[in-house]
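So the protein sequences, as listed, match chains A and B.
For the first sequence, counting from 1, position 115 maps to 114 in our numbering; every step adds exactly one.
Convert by adding 24 to the 1-based position in the second sequence; the result is the number in our numbering.
To keep things clear, I will list the structure first and then write my remarks on it.
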Amino acid sequence: MTREFLLNNRRLRVDIQTNGHADLVKFESAEHEILCDELGAGVFVLRNSDVKYRARVVRQKDRIFVWLAGKNFEFQIPSADEAGTHGGEKSPEVRAPMPGTLIKLLVKEGDAVEEGQVLAVLEAMKMEHQLRAPLAGSVQKVSGTIGAIIDADAVIVTLAAAG
Amino acid sequence: MVNVTKRMRIEKLLIANRGEIAVRVMRTARELGIRTVAVYSEADKHALHVELADEAILIGPPPASESYLRMDRIIEAAKSAGAQAIHPGYGFLSENPEFSQAVTDAGLIFVGPPAKAMRLLGNKIESRVLAQSIGVPVTPGATFSTPDAKSVAPEAAKIGYPVLIKAAAGGGGKGMRVVHKPEDLGLALEGAAREAKSAFGDATVYLEKYLTRPRHIEFQIFRDTHGNAVHLGERECSIQRRHQKIIEESPSVAITPELRAKMGTAAVKLVNAAGYENAGTVEMLLDGATFYFLEVNARLQVEHPVTEWVTGEDLVEWQLRIASGERLPRSQAEISARGHAIECRIYAEDPANNFLPSSGRILALEEPHIPGVRIDSGIRTGSDVSVYYDPILSKIIARADDREHAIEKMQSALDNYVLLGVATPVELLRDVLNHPEFRKGNLSTHFLDDHLPNWKPQPPSSDLLACALYAAMHAPAGGTTASANGAKAGVPSPWQSLGQWQIADARVDR
Chain A
0 MTREFLLNNR RLRVDIQTNG HADLVKFESA EHEILCDELG AGVFVLRNSD
50 VKYRARVVRQ KDRIFVWLAG KNFEFQIPSA DEAGTHGGEK SPEVRAPMPG
100 TLIKLLVKEG DAVEEGQVLA VLEAMKMEHQ LRAPLAGSVQ KVSGTIGAII
150 DADAVIVTLA AAG
Chain B
25 MVNVTKRMRI EKLLIANRGE IAVRVMRTAR ELGIRTVAVY SEADKHALHV
75 ELADEAILIG PPPASESYLR MDRIIEAAKS AGAQAIHPGY GFLSENPEFS
125 QAVTDAGLIF VGPPAKAMRL LGNKIESRVL AQSIGVPVTP GATFSTPDAK
175 SVAPEAAKIG YPVLIKAAAG GGGKGMRVVH KPEDLGLALE GAAREAKSAF
225 GDATVYLEKY LTRPRHIEFQ IFRDTHGNAV HLGERECSIQ RRHQKIIEES
275 PSVAITPELR AKMGTAAVKL VNAAGYENAG TVEMLLDGAT FYFLEVNARL
325 QVEHPVTEWV TGEDLVEWQL RIASGERLPR SQAEISARGH AIECRIYAED
375 PANNFLPSSG RILALEEPHI PGVRIDSGIR TGSDVSVYYD PILSKIIARA
425 DDREHAIEKM QSALDNYVLL GVATPVELLR DVLNHPEFRK GNLSTHFLDD
475 HLPNWKPQPP SSDLLACALY AAMHAPAGGT TASANGAKAG VPSPWQSLGQ
525 WQIADARVDR
């Protein structure tokens, strides 16, 4: 069985096969033999090379949260249309990093902006967060309005790269 | 002198707060046989403080300005529930003198200082003037009710850069800006004033000299309505991010018994001069062996449990007794500290991503049960962390005979603290506690910038990642919180088969 996950933008292709007494987990160039006991829904005890790990797992929509031996992992399940695209290029879309209220818009359509320039200010949990231009260029579209409650990941400003 | 103040007995207490502090206050109230009334906004219908209170009253829509900051609705709730007293917790209305006054005017007991003392001490400017007048040292600075660059610039130049701008009302790092160059002053003032206005309804800002490597030391004080005041020793809260504390401990490695006596005496002198009542914290900056008065927090602090654990006292109980008109439970000579306590704050935020707040649902929660570890929590599995309020979720407090063992106990608690669904700083906290400079006690308010700049979690070993991936592939299909998957309608996704595959695999395990 093969699956793909994203972990902090790292794309991981995982293959699991059983060899009769344990499961073989392969990803990148690594291969691990893992024994697993499922103690309850999302509660696991895993053994990898005789080291025992306690794990808790929950899934929410396309995200899988794993707590393993004191470390947290948030795996993203790539959506069908996302599969195959690759990161690396800076997106011209400036998105809200979390939900909040848009309290300041510092640019309008047509404005030239420099990389790192503050474009808008979002307030969430009583703190202000500046949204900066990821690249130099011009403002193509401003999607937010002052005072509006913005969802996480909503596009607020769309830029057109310079040159 | 015979005191004739009538002793009032609180039988029912309204807690004008939410989250872990509301729950914390309720626990002591219950212990003292006091019935508790929670207030809540529409966003907190299912919150833990609502569940645990004897009664709960809805006071408005989610935004704090329409619920937890509505004095009229809170006082009305207290009256309709038949409560005799209101505990404000921290944040929200806790340091608003108008609220203290309004509660008193309504014939209720405010569990905190009277409006007059709060006005004087809660205001960073007036409290500085008072401190100076009684010989308590302060850092050089000035205040501006209409903060514009033109009027502030000459004063900033006089004090010398870098300077710190902060909201004159309130704390918690809101409205705070460090300015290194004159040309940055304008924008920083504007932002600080706006944040101050939105958080406290007052745009007045305070400008002061920015000490580059100070320790943040604060003294817990109590003063009763009979004019008796004591301090309960210090807390060191030097580990901060964005001027907000994340790790606190008591005692501080930097405080000798002589310095403690000196600073404690200064703190007591200050609250006496202000005619203060109830619990308060005198915050100071320590630069070498020189201390400067910073401000008074006219309320119970987030980090009060570290003091509770080294002194063996229940500070909320002290608050309620003093509010009832009782005398201080102990004299200064009867107060002593034993061992070492340390607190880590668990915020819903991502330390690897600029400490951005993280909202969402707590999908799994397992709080460690370890002797010597206390957890003050405002959440349970299924709790929603909304964008409306301060992102503090819970606090872990560890206690042992000495600092080293308290740190180890805390490590063990953090290692076993499971919270899934929103980001938390648990891994950062562990890295701070493990840092050799932290172990040595070499702390300053710039610790994170100096020792763990641009912190990212340690990448997992291949062994660990293999297990995590294995676990992820065996994730339960998800309960009510999980909808289908990320795929668009009509496009078959490999994940639609995950449930079935998982069942098949579980059969193999058996």
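Note that beta-carbon positions come from the ideal geometry of N, C-alpha and C, so glycine has one too.
Please read all numbers here as calculations on a predicted model, not as lab measurements.
Residue i: contacting residues in chain A (beta-carbon distance under 8 Å)
{"i": "residue 445 of chain B", "result": "57, 59, 64"}
{"i": "residue 415 of chain B", "result": "124"}
{"i": "residue 202 of chain B", "result": "The premise fails here: residue 202 of chain B is roughly 15 Å from chain A at the closest Cβ pair, so nothing lies under 8 Å."}
Local conformation of residue i per DSSP, three classes
{"i": "residue 260 of chain B", "result": "strand"}
{"i": "residue 116 of chain A", "result": "coil"}
{"i": "residue 381 of chain B", "result": "strand"}
{"i": "residue 47 of chain A", "result": "strand"}
{"i": "residue 111 of chain B", "result": "strand"}
{"i": "residue 71 of chain A", "result": "strand"}
{"i": "residue 89 of chain A", "result": "coil"}
{"i": "residue 321 of chain B", "result": "strand"}
{"i": "residue 22 of chain A", "result": "strand"}
{"i": "residue 57 of chain A", "result": "strand"}
{"i": "residue 509 of chain B", "result": "At residue 509 of chain B, the pLDDT of 33 sits below 50, so the modelled position is not reliable and the matter cannot be decided from this model."}
{"i": "residue 443 of chain B", "result": "strand"}
{"i": "residue 302 of chain B", "result": "strand"}
{"i": "residue 83 of chain A", "result": "Residue placement at residue 83 of chain A cannot be trusted, given a pLDDT of 45 that sits under 50; what the coordinates show is reported in the next sentence. Residue 83 of chain A falls in the coil class under three-state DSSP."}
{"i": "residue 89 of chain B", "result": "helix"}
{"i": "residue 99 of chain B", "result": "helix"}
{"i": "residue 247 of chain B", "result": "strand"}
Amino acids of chain B, ordered along the chain, whose beta-carbon sits closer than 8 Å to that of residue i
{"i": "residue 145 of chain A", "result": "Correct list: empty, because the minimum Cβ distance to chain B is about 13 Å."}
{"i": "residue 119 of chain A", "result": "Residues of chain B passing the Cβ test: none, with the nearest at roughly 13 Å."}
{"i": "residue 152 of chain A", "result": "Neighbours of residue 152 of chain A on chain B: none; closest Cβ ~12 Å, over 8 Å."}
Within chain A, partners of residue i - CB distance below 7 Å
{"i": "residue 491 of chain B", "result": "33, 45, 47, 52, 54, 67"}
{"i": "residue 497 of chain B", "result": "2, 13, 15"}
{"i": "residue 90 of chain B", "result": "Per Cβ cutoff of 7 Å: no residues; residue 90 of chain B is ~14 Å from chain A at best."}
{"i": "residue 295 of chain B", "result": "What residue 295 of chain B touches in chain A: nothing, since even the nearest Cβ is about 28 Å away."}
{"i": "residue 193 of chain B", "result": "Ordered by position in chain A, no residue passes the 7 Å Cβ test against residue 193 of chain B, which lies about 14 Å from the chain."}
Cutoff 6 Å; reference residue i; Cβ partners in own chain excluding five residues on either side
{"i": "residue 307 of chain B", "result": "242, 318, 319"}
{"i": "residue 136 of chain A", "result": "158, 159, 160, 161"}
{"i": "residue 272 of chain B", "result": "259, 261, 327, 330, 367"}
{"i": "residue 398 of chain B", "result": "421"}
{"i": "residue 200 of chain B", "result": "190, 267"}
{"i": "residue 14 of chain A", "result": "1, 25"}
{"i": "residue 49 of chain B", "result": "39, 111, 340"}
{"i": "residue 58 of chain A", "result": "none"}
{"i": "residue 142 of chain B", "result": "121, 124, 322"}
Neighbouring residues, chain B, relative to residue i (Cβ below 9 Å)
{"i": "residue 128 of chain A", "result": "378, 380, 381"}
{"i": "residue 29 of chain A", "result": "486, 487, 489, 490"}
{"i": "residue 18 of chain A", "result": "None at all; the shortest Cβ gap to chain B is about 11 Å."}
Cβ-based neighbour list, residue i, same chain, cut-off 7 Å, excluding 5 preceding and 5 following
{"i": "residue 67 of chain B", "result": "86, 410, 412"}
{"i": "residue 316 of chain B", "result": "161, 162, 163, 308, 309"}
{"i": "residue 177 of chain B", "result": "206, 209"}
{"i": "residue 467 of chain B", "result": "239, 260, 262, 263"}
{"i": "residue 65 of chain B", "result": "83, 84, 85, 86, 91, 92"}
Under 9 Å from the C-beta of residue i: neighbouring residues of chain A
{"i": "residue 500 of chain B", "result": "40, 41, 56, 57, 58"}
{"i": "residue 176 of chain B", "result": "Ordered by position in chain A, no residue passes the 9 Å Cβ test against residue 176 of chain B, which lies about 19 Å from the chain."}
{"i": "residue 225 of chain B", "result": "Here the premise fails: no neighbours, minimum Cβ distance about 13 Å."}
{"i": "residue 336 of chain B", "result": "Chain A residues near residue 336 of chain B: none, gap ~31 Å exceeds 9 Å."}
Rounded distance between the beta-carbons of residue j and residue i, thought under 8 Å
{"i": "residue 117 of chain A", "j": "residue 131 of chain A", "result": "6 Å"}
{"i": "residue 44 of chain B", "j": "residue 402 of chain B", "result": "4 Å"}
{"i": "residue 189 of chain B", "j": "residue 212 of chain B", "result": "6 Å"}
{"i": "residue 451 of chain B", "j": "residue 71 of chain A", "result": "7 Å"}
Contacts of residue i in chain B (Cβ-Cβ under 7 Å)
{"i": "residue 89 of chain A", "result": "Near residue 89 of chain A there are no residues of chain B at all, since even the closest Cβ is about 16 Å away, more than 7 Å."}
{"i": "residue 96 of chain A", "result": "380"}
{"i": "residue 99 of chain A", "result": "411"}
{"i": "residue 8 of chain A", "result": "In chain order: nothing, as chain B lies at least about 12 Å away."}
Close Cβ partners of residue i (< 8 Å) along its chain, the five nearest in sequence each way excluded
{"i": "residue 175 of chain B", "result": "168"}
{"i": "residue 204 of chain B", "result": "185, 186"}
{"i": "residue 98 of chain A", "result": "123, 148, 149, 150, 151"}
{"i": "residue 115 of chain A", "result": "131, 132"}
Task: At least three beta-carbon pairs within less than 8 Å, the region 378–392 of chain B to the region 295–304 of chain B - done: no
TODO: Decide if the region 431–445 of chain B is in contact with the region 215–232 of chain B; the criterion is three or more beta carbon pairs, one per stretch, under 8 Å apart.
DONE: no
TODO: Pair every Cβ in the region 231–240 of chain B with every Cβ in the region 178–187 of chain B, then say whether three or more of these pairs are closer than 8 Å.
DONE: yes
Task: the region 36–43 of chain B / the region 109–127 of chain B touching (three or more Cβ pairs under 8 Å) - done: Touching, yes, given that three or more Cβ pairs across the two stretches are closer than 8 Å.
Open item on the list: Is it the case that the region 47–55 of chain A contacts the region 484–492 of chain B, given that we only count it when at least three CB pairs across the two stretches are under 8 Å?
Closed with: yes
Task: Cβ contact check for the region 70–89 of chain B and the region 42–62 of chain B: 3 or more pairs under 8 Å - done: yes
Open item on the list: Three Cβ pairs or more, each shorter than 8 Å: is that satisfied between the region 453–473 of chain B and the region 281–299 of chain B?
Closed with: no
Open item on the list: Would the region 415–433 of chain B count as touching the region 351–371 of chain B if we require 3 or more Cβ pairs under 8 Å?
Closed with: The region 415–433 of chain B, when compared against the region 351–371 of chain B, does touch it at the 8 Å Cβ threshold.
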